[in-house]
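What follows is a set of notes on a single structure, which appears directly below.
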Amino acid sequence: MLTLTAGCACDVCAEEYAPHRLPHSIPCGHVLCASCCTTIAEKTNPRLSPVCPFCREPFAQDAVRVIRMDFATSGWTTPRRVPALEALTDINSDILQRKTASLFAAPQAARTHVRRLEDKVSRIAAKKCSVEEVNTLYKELQEWLLAEKDEQTNSLFLSAALLRAILMNHVAHSEASKAAKTSDANLRNKIADLEQNNTRLDAELRRCRANCKQLQTEVNQLRALASTVSADLPPSSHTQSSHTQSATPFPYTSSYSTPPAPAQAQAHYPSSSASAAAGPTPLARFNLLHARSASMSSRPATPAGIALAHSAHPISPPRSHTPAPPRSHTPGPTSSASASASASASASASSPMRSHT
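If you read the sequence shown in the UniProt record's numbering, its first letter stands for residue 1, the second for the next number, and so on.
In structure tokens form, the structure reads like this:
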């Protein structure tokens, strides 16, 4: 069994070992009293293991072993301390107390800092904050989790994950907003271009309608002018010639009548071979002259009527250039008789005109 020398005390509380204060050993080898071991275990966070105040080696409360001492055989006495020894003991006890307080204050400060970080996270989650504040708190949490690996808690891990999700959502929302603004600007530009094209097409449509109305007006004017001109024009020459032919019993009764067709001319006039063979007879010439004189006598007798008749009828179209049958250059036997007959016919035609004037 171990024995202790006089003045042996606990290195933490500086109390001397006695039968009622036995020394205890922890797994790292350091010796403490029972009350100090119990105090260290109670003040440690339940999630963490208590550590040695000298070497910071963790230990379990069940691993603490009692060191049995024989105070009777060792001549253990508690004599009165020397004043110098008491002063030295007091100094050592003060140093040990400060060290112990600092060691116990470290976990307490860590817990305080953790609680402060958790309060910041809850405050940011409860109200609207800027992205800079969220980013600053997230960096602070990351630094704490990387620096204090032994003092990490689940709440800080969850808070860091929450802040990271908030930042990622903000980044995604910012990118979506930028894409939406870009798309909106492109659509607005397209709408402006379409409106310009629509305005240009409307102006072109109005111009085409104005041109169409102008052309329609011109067409109506031309139609009115054409109807006026057609109303002012005299009847056709064919109608006048038909009326003249129906009024006169013989063709060529007037100098204003239209010439006969080529077929009629061939019917009235003998062919060149026939005229060359037979020649006009005096009886035929006399009948022709008699018919002409009869047609002249059937006209109105007054010169004014003749002038009105000439002015009422339009100028007849030019006669066809149908060649007349060639006459025979051989003088007939009755040339003197035909000349006398023509002279008598002209005299008879001019005699009524003289009597009326």
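We treat Cβ as the ideally placed atom computed from N, Cα and C, and that holds for glycine.
So, for residue i: in the same chain, excluding its five sequence neighbours on each side, which residues have a beta-carbon less than 6 Å away from its beta-carbon?
i	result
Pro23	Tyr17, Val31 and Ile67
Ile40	Pro50
Leu194	none
Ser254	With a pLDDT of only 43 at Ser254, under the threshold of 50, the placement of this residue in the model should not be trusted; the figure read from the coordinates follows. Within the same chain, Ser254 has no close Cβ partners at all.
Thr357	Reliability fails at Thr357, whose pLDDT of 34 lies under 50, so the model's placement of it is uncertain and the value that follows must be treated cautiously. Cβ neighbours of Thr357 beyond the five flanking positions: none.
Go ahead and pull the three-state DSSP assignment for residue i.
i	result
Glu143	helix
His170	helix
Ala9	strand
Glu218	helix
Arg115	helix
Arg47	coil
Ser25	strand
Arg223	helix
Cys33	strand
Val64	coil
Ala14	coil
His20	coil
Ala165	helix
Ser237	Low local confidence applies: a pLDDT of 48 at Ser237 is under 50, so the model's placement there is unreliable, and no value is given.
Quick one: what's got a C-beta closer than 8 Å to residue i's C-beta in the same chain, skipping five residues either side?
i	result
Cys37	His24, Ile26, Gln61 and Val64
Ser230	none
Ser122	none
Nearest to residue i by alpha carbon, out of the options?
i	options	result
Cys13	Ser35, Pro19 and His20	Ser35
Leu167	Arg292, Glu133, Val219 and Thr217	Glu133
Val114	Ile124, Cys129 and Phe157	Phe157
Phe54	Arg47, Asp11 and Glu42	Asp11
Leu117	Ser159, Asn135, Cys129 and Lys127	Ser159
Arg47	Val219, Arg111 and Arg188	Arg111
Glu140	Ala231, Leu163 and Lys128	Leu163
Glu169	Ile191, Ser230 and Val131	Residue 169 is actually Asn in this sequence, not Glu. Of the candidates Ile191, Ser230 and Val131, the one whose C-alpha sits nearest the C-alpha of Asn169 is Val131.
Ala161	Lys213, Ala231, Gln142 and Lys43	Gln142
Met69	Lys43, Arg21, Arg188 and Glu218	Arg21
Closer than 7 Å by C-beta to residue i: which residues in its own chain qualify, once you throw out the five before and the five after it? Chain order, please.
i	result
Cys52	Ile26, Cys28, His30 and Phe59
Asp184	none
Ala304	Model confidence at Ala304 stands at a pLDDT of 46, short of 50, so the residue's coordinates are unreliable; what they give is reported in the following sentence. Once the five neighbours on either side are set aside, Ala304 has no close Cβ partner at all.
Arg200	none
Ala9	Glu15, Glu16 and Tyr17
Asn186	none
Compute the beta-carbon to beta-carbon distance between residue i and residue j, rounded to the nearest angstrom, for a pair I have assumed lies under 8 Å.
i	j	result
Lys120	Leu137	5 Å
Glu15	Cys33	6 Å
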